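Chemist: Pasting in a structure now, in structure tokens, and then I'll have a few things to ask.
2 protein chains.
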Amino acid sequence: MAPLAELDRQLRARGIQGLLCHADTERDADLLYLSGFLAPDPFTLLRARGRSLLLVSILEYGRARRESRADRVLCTRDFPVDGKPGGTPAPTVQMLAALLRRERLRRIGVPSAFPYSLGHGLERLGFRLETFDGVKGIRTVKAPREIASIRRAQRATERGMAIARRLVRRRGTTCEAVRRRVDQTLLGLGCEPGHLIVAAGPRSADPHYIGAGPIRPGDPVVCDFFPRLLEERYFADMTRTFVRGRPSPRLREMHGLVLRAQEAAIARVRAGARCRDIHQQVLDIFDEAGVRDLYIHTTGHGLGLEIHEPPRIAENDALLQAGQVVTVEPGLYDPRVGGVRIEDMVLVKRGGGENLTRFPKQLEA
Amino acid sequence: MAPLAELDRQLRARGIQGLLCHADTERDADLLYLSGFLAPDPFTLLRARGRSLLLVSILEYGRARRESRADRVLCTRDFPVDGKPGGTPAPTVQMLAALLRRERLRRIGVPSAFPYSLGHGLERLGFRLETFDGVKGIRTVKAPREIASIRRAQRATERGMAIARRLVRRRGTTCEAVRRRVDQTLLGLGCEPGHLIVAAGPRSADPHYIGAGPIRPGDPVVCDFFPRLLEERYFADMTRTFVRGRPSPRLREMHGLVLRAQEAAIARVRAGARCRDIHQQVLDIFDEAGVRDLYIHTTGHGLGLEIHEPPRIAENDALLQAGQVVTVEPGLYDPRVGGVRIEDMVLVKRGGGENLTRFPKQLEA
Chain A
-2 MAPLAELDRQ LRARGIQGLL CHADTERDAD LLYLSGFLAP DPFTLLRARG
48 RSLLLVSILE YGRARRESRA DRVLCTRDFP VDGKPGGTPA PTVQMLAALL
98 RRERLRRIGV PSAFPYSLGH GLERLGFRLE TFDGVKGIRT VKAPREIASI
148 RRAQRATERG MAIARRLVRR RGTTCEAVRR RVDQTLLGLG CEPGHLIVAA
198 GPRSADPHYI GAGPIRPGDP VVCDFFPRLL EERYFADMTR TFVRGRPSPR
248 LREMHGLVLR AQEAAIARVR AGARCRDIHQ QVLDIFDEAG VRDLYIHTTG
298 HGLGLEIHEP PRIAENDALL QAGQVVTVEP GLYDPRVGGV RIEDMVLVKR
348 GGGENLTRFP KQLEA
Chain B
-2 MAPLAELDRQ LRARGIQGLL CHADTERDAD LLYLSGFLAP DPFTLLRARG
48 RSLLLVSILE YGRARRESRA DRVLCTRDFP VDGKPGGTPA PTVQMLAALL
98 RRERLRRIGV PSAFPYSLGH GLERLGFRLE TFDGVKGIRT VKAPREIASI
148 RRAQRATERG MAIARRLVRR RGTTCEAVRR RVDQTLLGLG CEPGHLIVAA
198 GPRSADPHYI GAGPIRPGDP VVCDFFPRLL EERYFADMTR TFVRGRPSPR
248 LREMHGLVLR AQEAAIARVR AGARCRDIHQ QVLDIFDEAG VRDLYIHTTG
298 HGLGLEIHEP PRIAENDALL QAGQVVTVEP GLYDPRVGGV RIEDMVLVKR
348 GGGENLTRFP KQLEA
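One line per chain: the protein sequences are A and B, in this order.
Every letter in the first sequence is one number past the one before it in our numbering, and letter 292, counting from 1, is 289.
Every letter in the second sequence is one number past the one before it in our numbering, and letter 230, counting from 1, is 227.
As structure tokens, then:
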């Protein structure tokens, strides 16, 4: 079913008359998906009766009419409010209430992240609100156009990874220097940079530590890159762990286990697979090897307009759907040695998964 | 008064026992300010009894203890919840409720942007919630360390603007090429790029249009750059409007008016000045010249960890405070000609404003 038709169906099934979103779309992916309109300041979308209506400031009106995929665009200037500072209800609440009254809607769905102050204000005016997070679910399944964007982001990421690997090989490199160089490359390829982990040595055992300082021979270097296309706004995500020189037997063992777990997990990706089973596959391999306690995160996540989206490849019963794009990224973290993580992005298809990541997984840089 | 002491005073005055935040700090500036902890996934901060407590996942625990400025760091692992999917209350609500009960807090402040679903869930469990946006107000006044960061971001921005001006002078330049080149420069100076408007010709009359296509002689080119320091997370913001070749008399007139309005407005910036009066100064000049209807936004805004913060230099009675940093950015927008905007950043001081922007304002590139 087309995404918007599916959304309307879910709203009807829940008895929700209209879905109300209010956010800026540099930060809110649901609203970006629904509106197709990138704006740095909060604006409003109302989905009701199978149509989408935007309410934007005069500053954005012309652009919203040209660039958004809404059926109608209204201007906040046409919703005068009592602007007394500190007055109740707050101006934005007044405006949203006027819009909802005009459209004769009372039972409203709002996303989980809808601002509490606005939700509470509307409830005090007699509107009935319900949390509705259907958009998040719907946009996990990607259209061909979206998959093409993710592929483009991934090709750029691999170019960056090749540069990182080359730099790790050199003497005297630092984590900061690698990040700087990869960022420049990614930017040149149309990606928003600043989403790079290059963490070396024992501190790489903190999975989100971005890294600093010199890269020493024998150090594991966790390179986790998750850039986003500046225009299309889709993310890619991949991780490799490199070593300059000879890895210690312990590090080599950790890497071997992570690689085995990752490949076994990827082999289980297909439409209809249960997230819990894929995650369990990793746990079983680590359990058997006696390193289960060094695995401190889950196995993967969906991604798209957000870096972390459903489904979570973790202890839950969600079933993968064709068209979802998920990461598979087990890791082992020993505070004395550092971290090892290997991450690919996989497109879920009927018969299996298509690995969107093309990059070797050797430990030696 | 020190910011946190002031915050505690405001909470006491409102009868709020604890301030509860739940967000990721790549997106939420209030929580970044309070926690000093940059994390891509949502975590929890509770400010109560003059102390700050963080609740983070095991993934972030080590880093939060090292990097955050919280007094205590707890791990979500120690707050087991009933994880039944679709269960009520939702797992995060259960966890927050357990935390609040443990700390014996019932009357809770939450920021406006607190997720509606969590707020509603806590209310159903008997907690009393109130919107509290004091942090936003407190962080408008910058400490010397913060002002130093903003200055650093501004120096980088000026380097970028010098490059833009040089490129505009050249034949055959496009908006995209200018943005690409400036982005590379900003990234090399430690700024997160992707916050650039380079809009030429009539479409630059849309203030937020980022621009595309060739730059023709005589076109106004609005260059509005608002990069953020990747590490310190502070923004700068400046705009210049350039022309290659000879500007038309109409464009020259628009530029002259904007410049006069901007300088008159800047001259009014000082601690104690009323925002409305500064904005009115611009309106008066445009009114007198008969171009009032070509001015479609407000005169400026505070900035810091967010690009748009209070105070708004607009029709409101807020008084500027020493230590605030505000933009002053009048503009005129004629759909047949394009836009002209000039923007500086000004530090509010007792006797007047210190212009943090050092860059000429000539129209001719």
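C-beta atoms are modelled at their ideal positions from N, C-alpha and C, and glycine is treated no differently.
Note that the structure is predicted; figures quoted are calculated from it, not measured.
In this structure, does DSSP put B/M235 in helix, strand or coil?
Modeler: Reduced to three states, the DSSP call for B/M235 is strand.
Chemist: Under 8 angstroms Cβ to Cβ from A/G301, same chain only, skipping five residues before and after it: list those, please.
Modeler: Only A26, R136, T137, K139, E143, I147, Y231, F232 and V322 meet the Cβ criterion.
Chemist: Might you give, ordered along the chain, the residues of its own chain that have their beta carbon closer than 6 angstroms to the beta carbon of A/E340, omitting 5 neighbours on each side?
Modeler: Cβ neighbours of A/E340 beyond the five flanking positions: M235, T236, T324 and E326.
Chemist: Report back the beta-carbon spacing between B/L71 and B/H19 to the nearest angstrom; my notes put them in contact at under 8 angstroms.
Modeler: Rounded, the Cβ-Cβ distance is 14 angstroms, inconsistent with contact.
Chemist: Return the first residue and the last residue of the alpha helix (DSSP H) that B/F283 is part of.
Modeler: Segment C272 to E285, the alpha helix (DSSP H) holding B/F283.
Chemist: Pair every Cβ in the segment 283 to 292 of chain A with every Cβ in the segment 310 to 318 of chain A, then say whether three or more of these pairs are closer than 8 angstroms.
Modeler: Counting Cβ pairs under 8 angstroms, fewer than three are found: no touch.
Chemist: Within a Cβ cutoff of 7 angstroms, which residues of the same chain sit near B/E212, ignoring the five residues on either side of it in sequence?
Modeler: A quick correction: the sequence has Ile, not Glu, at residue 212 of chain B. Once the five neighbours on either side are set aside, the close Cβ partners of B/I212 are V165, T170, T171, C172, A197, V218 and R241.
Chemist: Below 7 angstroms CB to CB, which residues in the same chain sit around A/V107 once its five sequence neighbours on both sides are set aside?
Modeler: Same-chain partners within the cutoff: L17, G116, L126, T128 and F129.
Chemist: Would you tell me roughly how many angstroms separate the C-alpha atoms of B/R250 and B/P190, rounded to the nearest one?
Modeler: What sits at residue 250 of chain B in the sequence shown is Glu, not Arg. The straight-line gap from Cα to Cα measures roughly 33 angstroms.
Chemist: In terms of residues, what are the limits of the beta strand (DSSP E) holding A/D331?
Modeler: From DSSP, the beta strand (DSSP E) with A/D331 extends over G328 to D331.
Chemist: Put A/V343 into one of helix, strand or coil per three-state DSSP.
Modeler: Note: A/V343 maps to strand in three-state DSSP.
Chemist: To which residues does DSSP link B/A140 through a beta bridge?
Modeler: BP columns for B/A140 are empty, so no partner.
Chemist: Kindly identify the DSSP beta-bridge partner or partners of A/P112.
Modeler: B/P112, per the DSSP bridge assignment.
Chemist: Are the beta-carbon atoms of B/G253 and B/R104 separated by less than 8 angstroms?
Modeler: Going by C-beta atoms, B/G253 is not nearer than 8 angstroms to B/R104.
Chemist: With a Cβ-Cβ cutoff of 8 angstroms, do A/A150 and A/L226 count as a contact?
Modeler: Yes, they are a contact pair.
Chemist: Determine the extent of the alpha helix (DSSP H) in which B/T89 is found, giving its start and end residues.
Modeler: P88 to R99 is the extent of the alpha helix (DSSP H) around B/T89.
Chemist: Using DSSP with H/G/I as helix, E/B as strand and the rest coil, what is A/V218?
Modeler: Looking at A/V218 - three-state DSSP - the assignment turns out to be strand.
Chemist: Hey, A/E120 and A/L43: beta-carbon distance below 8 angstroms or not?
Modeler: It is not a contact, given that the beta carbons lie outside the stated cut-off.
Chemist: Pick from A/R24, A/R247, A/R162 and A/K346: whose alpha carbon is nearest that of A/P141?
Modeler: Out of A/R24, A/R247, A/R162 and A/K346, A/K346 has the C-alpha closest to the C-alpha of A/P141.
Chemist: Tell me which same chain residues have a C-beta within less than 7 angstroms of the C-beta of B/K358, skipping the five on either side of it?
Modeler: Closer than 7 angstroms at the Cβ level, and outside the excluded window around B/K358, lie R237, L256 and I339.
Chemist: I'd like to know if A/E351 contacts chain B, where contact means its C-beta is closer than 8 angstroms to some C-beta of that chain.
Modeler: Chain B contact via Cβ: absent.
Chemist: Assuming B/R69 contacts B/R48 (C-beta within less than 8 angstroms), just tell me the rounded distance between them.
Modeler: So it is a contact: roughly 7 angstroms between Cβ atoms.
Chemist: Please list the partners that B/L56 has in chain A, where partner means a Cβ-to-Cβ separation under 8 angstroms.
Modeler: By Cβ distance, chain A contributes P204, H205, I293 and H294.
Chemist: Which of helix, strand or coil does DSSP assign to B/T296?
Modeler: Correct three-state label for B/T296: coil.
Chemist: Sort out for me which residues DSSP pairs B/L291 with in a bridge.
Modeler: B/L291 is not bridged to any residue.
Chemist: Tell me, please, whether the CB atom of B/G106 is closer than 8 angstroms to any CB atom in chain A?
Modeler: It does not; no Cβ of chain A falls within 8 angstroms.
Chemist: Just confirm the distance between the C-beta atoms of B/P244 and B/G215, as a whole number of angstroms; I'd bet it's less than 8 angstroms.
Modeler: Sure, about 7 angstroms apart at Cβ, within 8 angstroms.
Chemist: Comparing C-alpha positions only, which one of B/L360, B/A268 and B/L122 sits nearest to B/R98?
Modeler: Closest by alpha carbon: B/L122.
Chemist: Given 8 angstroms as the limit, is there contact between the segment 179 to 187 of chain B and the segment 297 to 312 of chain B, that is, 3 or more CB pairs closer than that?
Modeler: No contact exists between the segment 179 to 187 of chain B and the segment 297 to 312 of chain B.
Chemist: Secondary structure at B/A365, three-state DSSP: helix, strand or coil?
Modeler: With chain B covering only -2 through 362, there is no way to say anything about residue 365 of chain B.
Chemist: Spell out the partners DSSP gives B/F40 in its beta bridges.
Modeler: For B/F40, which the question treats as bridged, DSSP gives the partners B/A20.
Chemist: If distances are taken between C-alpha atoms only, which option among A/G297, A/M342 and A/I293 comes closest to A/P332?
Modeler: It is A/I293.
Chemist: How is A/S49 classed by DSSP in three states: helix, strand or coil?
Modeler: Strand, per DSSP.
Chemist: Using three-state DSSP, classify A/E189 as helix, strand or coil.
Modeler: DSSP places A/E189 in strand when its eight states are reduced to three.
Chemist: Between A/Y113 and chain B, is any beta-carbon pair separated by less than 8 angstroms?
Modeler: At least one chain B Cβ lies under 8 angstroms of A/Y113.
Chemist: In terms of residue numbering, what span does the alpha helix (DSSP H) encompassing A/L31 cover?
Modeler: Looking at the DSSP string, the run of the alpha helix (DSSP H) that includes A/L31 is A26 to S32.
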